[in-house]
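Numbering (this note's numbering), first residue to last: 14 to 102.
Right, dumping it as structure tokens:
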């Protein structure tokens, strides 16, 4: 991942959802709240760019599990971000 750039994985799917993994650079990761998942307004203010309908549903440290987005549009689309809190404290 280039310095100061947000990394977006390719989308991948299971039987119900489409997934995407988003990794924030350290300076943005410092702004991610630890107390709650971000609203669309919050993650857009950080510079995350996703099409309408994506929902932030998980924060994990690098190497943990990954994200989600519905392929038949009957439920919300999802994504997650990877934050290594140990490297920013």
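Ideal Cβ placement from N, Cα and C applies to all residues, glycine included.
Just so you know, these numbers come straight off a predicted model, no measurement behind them.
Buried or exposed for residue i, going by 16 or more other Cβ atoms inside 10 Å?
i          : result
residue 90 : Legend: pLDDT at residue 90 = 42, less than 50; position of this residue unreliable, no value from coordinates given.
residue 33 : buried
If I follow the unbroken beta strand (DSSP E) through residue i, where does it start and stop?
i          : result
residue 72 : 67-73
residue 61 : Here residue 61 belongs to no beta strand (DSSP E), and DSSP marks it neither H nor E.
residue 34 : 34-36
Which residues bound the alpha helix (DSSP H) around residue i?
i          : result
residue 39 : 39-42
residue 57 : 53-58
Taking Cβ positions, are residue i and residue j nearer each other than 8 angstroms?
i          : j          : result
residue 35 : residue 68 : no
residue 50 : residue 70 : yes
residue 65 : residue 44 : no
Once the 5 residues before and after residue i are set aside, which same chain residues still bring their CB inside 7 angstroms of it?
i          : result
residue 18 : 38
residue 21 : 33 and 35
residue 56 : 69
Please list, in chain order, all residues of the same chain as residue i whose beta carbon is under 6 angstroms from its beta carbon, the five residues on each side excluded.
i          : result
residue 24 : 31 and 33
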